[in-house]
RNA sequence: CGGGUAGUGGCGCAGGUUGGUAGCGCGCCUCGUUCGGGACGAGGAGGUCGUGGGUUCAAAUCCCGCCUACCCGACCA
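In this note's numbering, the protein residues as written are 114 to 677.
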């Protein structure tokens with residue numbers, strides 16, 4: 114490709130509203146342009162990178178027996194209603210009506226459709242199966258941001274496995290896990306597999322592949338000593354024990370005028386770890402209390418997971434007042450029996466604690482949880498904090514910000530049962546197919562690579578996904594000899610299957626160098642009169658800037674060697 | 001959804017409080033001189049000032065509504 118006929122509108126300045134490095138560089142480099150919030154046009158450069166990522170993903174999926182298919186993106190509401198996710202997907206789903214008033218949605222993910230197709234499998238002899246597609250997904254994110262990192266329309270590789278039993282699922286899951294490791298290696302992404310919450314996918318185990326980056330939105334707890342790694346929505350740690358002093362025979366109400374927070378109550382002589390923090394949620398329409406220790410923090414996803422909630426939100430002030438009779442700040446679970454109460458494990462067996470009295474400006478002290486609070490269920494609700502101790506080995510946990518690059522789920526039989534995907538086993542018994550689901554966001558992977566592969570001058574693509582392998586910079590377009598040699602090298606490299614961008618623009622060398630570095634081509638060949646006089650061209654490595662003078666006759670071999 | 005900021009040529013911005021018919025840098029086009037790290041000179045092209053309404057002789061500027069984008073939050077009970 115010749116630069117003069119290639120569309121790559123580079124900019125000197127990044128748009129003012131870009132924040133993340135990948136956002137700035139992809140816009141500046143002429144890879145992408147925004148159409149509106151969360152929707153981007155992929156220009157030729159980005160499209161080339163996307164294609165390469167897709168190819169790698171396809172090769173690794175095919176290598177573990179994946180069969181590529183394509184499902185419709187416009188989907189009828191019926192299948193989503195059957196699985197219950199027409200409700201539980203909530204506002205994330207783009208919904209629309211056709212001319213007959215039929216409800217439909219744009220695909221967010223495709224478990225329902227794949228399970229529907231899998232209902233044609235009727236014998237265990239046809240299993241296992243593994244199907245995947247690379248297709249557009251639509252998600253009406255509450256807040257698209259950071260260029261390609263969080264968008265509303267994107268390409269996703271979603272794979273689905275179908276097995277006779279749990280053991281088969283384990284095998285498929287492990288194959289995917291290994292394939293993911295290979296994919297991220299080839300993308301040069303240092304992805305850490307972590308234990309994760311399954312969200313509203315349902316199912317048991319799930320593993321996320323997380324890439325550390327400052328612009329990441331997901332927090333992960335890592336143990337440097339034993340390797341424990343978990344999403345903060347799932348992570349656990351050692352809890353420091355508190356020894357309670359003996360309390361009274363019954364809770365004692367006391368006045369706390371103006372005291373509305375844990376901190377204020379600490380100032381009044383009640384240590385935070387001797388308080389009960391009471392939060393009010395509405396879970397699937399039901400007002401519910403969630404309790405954690407005063408110095409702990411609740412993780413809402415943990416509550417959602419533990420209660421298998423479809424929808425969960427914090428209660429509005431009016432709802433709180435109506436159901437408990439007091440304003441936030443004076444809430445508690447003592448004597449509450451008409452509302453479900455869920456409590457964090459760290460509160461189990463605690464006595465002589467302080468909590469709100471459900472009466473404005475009053476609290477209880479001397480609360481014995483077992484005696485005074487009707488806990489309906491104990492669960493893990495506490496969010497691990499940076500620096501807490503690893504539950505496995507006791508070393509320090511550190512909290513790192515990461516980008517979720519892949520997620521694999523063991524789904525179990527939920528979708529198969531709903532959509533009648535069942536087979537007869539060897540004994541002639543009917544059994545539901547056991548499914549797994551495995552996703553990678555293609556454009557997010559692209560942006561993540563930029564997040565982790567750039568310097569002050571621009572992007573540094575790994576060879577495996579670079580839009581071109583080589584850029585030939587002709588320093589002096591007016592120098593016929595330079596042009597002639599550049600053309601010859603261009604032709605020979607191209608004939609050898611190497612992707613070359615020939616910078617034949619009549620621009621100053623500085624401009625050409627800067628653009629080549631900005632768009633991040635891994636290898637640059639500089640052809641100019643200075644080198645030609647000595648019979649050489651310069652070959653520069655984008656990563657380290659190292660420059661080698663190479664004899665013109667040797668340059669093709671040299672390049673082949675580099676990009677192998 | 002809540003809070004904040006901002007919409008003026010392709011990109012970055014000024015102008016606005018004090019209304020008078022739009023400007024700067026970069027980029028783009030032409031010519032010339034230059035030419036190994038974002039050149040210089042001369043001459044050009046390009047803007048319904050987000051949008052609808054209002055006030056006024058006159059609105060980018062003042063007033064009201066709406067739209068859009070970005071940032072923070074949507075845990076501190």
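Where a beta carbon is used, it is the ideal one built from N, C-alpha and C, also for glycine. From a predicted model like this one, the values you see are computed outputs, not experimental measurements.
C-alpha distance - residue i paired with residue j, whole-angstrom precision
i: residue 489; j: residue 454; result: 5 Å
i: residue 419; j: residue 457; result: 11 Å
i: residue 348; j: residue 215; result: 43 Å
i: residue 620; j: residue 120; result: 16 Å
i: residue 463; j: residue 354; result: 10 Å
i: residue 690; j: residue 593; result: Absent from the structure is residue 690, since the part of the chain shown begins at 114 and ends at 677.
i: residue 96; j: residue 145; result: With the chain covering 114 to 677 only, the question about residue 96 has no answer from this structure.
i: residue 556; j: residue 328; result: 15 Å
i: residue 127; j: residue 610; result: 34 Å
i: residue 538; j: residue 277; result: 8 Å
i: residue 676; j: residue 243; result: 33 Å
i: residue 703; j: residue 506; result: This structure does not reach residue 703, given that the chain is present from 114 up to 677, and the question cannot be answered.
i: residue 523; j: residue 333; result: 20 Å
i: residue 234; j: residue 526; result: 14 Å
i: residue 141; j: residue 125; result: 7 Å
i: residue 90; j: residue 317; result: Nothing about residue 90 can be reported from this structure: the residues present for the chain run from 114 to 677 only.
i: residue 569; j: residue 651; result: 22 Å
i: residue 561; j: residue 578; result: 12 Å
i: residue 626; j: residue 230; result: 52 Å
i: residue 176; j: residue 306; result: 21 Å
i: residue 211; j: residue 219; result: 12 Å
i: residue 479; j: residue 352; result: 22 Å
i: residue 575; j: residue 673; result: 15 Å
i: residue 400; j: residue 467; result: 22 Å
i: residue 213; j: residue 192; result: 18 Å
i: residue 534; j: residue 319; result: 22 Å
i: residue 381; j: residue 369; result: 9 Å
Given residue i as reference, the closest of the options once Cα atoms are compared
i: residue 497; options: 343, 391, 383 and 558; result: 343
i: residue 289; options: 249, 261 and 245; result: 245
i: residue 274; options: 657, 224 and 511; result: 224
i: residue 182; options: 261, 226 and 299; result: 226
i: residue 514; options: 331, 176 and 270; result: 331
i: residue 566; options: 118, 263 and 139; result: 139
i: residue 201; options: 190, 589 and 335; result: 190
i: residue 208; options: 186, 118 and 350; result: 186
i: residue 407; options: 612, 384, 416 and 401; result: 384
i: residue 469; options: 461, 371 and 559; result: 371
i: residue 509; options: 500, 438 and 607; result: 500
i: residue 558; options: 269, 240 and 175; result: 269
i: residue 339; options: 352, 381, 423 and 511; result: 511
i: residue 450; options: 471, 257, 604 and 285; result: 471
i: residue 482; options: 415, 473, 405 and 474; result: 405
i: residue 251; options: 150, 194 and 280; result: 150
i: residue 194; options: 635, 531 and 606; result: 531
i: residue 254; options: 297, 304 and 203; result: 203
Strand pairing of residue i, partner residues [DSSP]
i: residue 614; result: 584
i: residue 525; result: 548
i: residue 153; result: 147
i: residue 270; result: 247 and 553
i: residue 509; result: 502
i: residue 276; result: 547
i: residue 289; result: Answer by DSSP bridge pairing: none, since residue 289 is not bridged.
i: residue 325; result: 515
Beta-carbon spacing of residue i, residue j below 8 Å
i: residue 520; j: residue 309; result: yes
i: residue 645; j: residue 571; result: no
i: residue 477; j: residue 364; result: yes
i: residue 262; j: residue 135; result: yes
i: residue 302; j: residue 550; result: no
i: residue 396; j: residue 425; result: yes
i: residue 503; j: residue 341; result: yes
i: residue 412; j: residue 321; result: no
i: residue 170; j: residue 247; result: yes
i: residue 323; j: residue 516; result: yes
i: residue 281; j: residue 547; result: yes
i: residue 655; j: residue 573; result: yes
i: residue 249; j: residue 266; result: yes
Residue i beta carbon near the ligand FAD (any heavy atom closer than 7 Å)
i: residue 152; result: No copy of the ligand FAD appears in this structure; indeed no ligand is present at all.
Does the stretch 583 to 602 come close enough to the stretch 289 to 302 that 3 or more CB-CB pairs lie under 8 Å? no
Evaluate the contact criterion for the stretch 390 to 408 versus the stretch 439 to 453: three or more CB pairs, one atom per stretch, below 8 Å. yes
Check whether the stretch 654 to 665 and the stretch 630 to 646 are in contact - that is, three or more C-beta pairs closer than 8 Å. yes
Count the C-beta pairs between the stretch 376 to 385 and the stretch 416 to 431 that are closer than 8 Å, then say yes if the count reaches three, no if not. no
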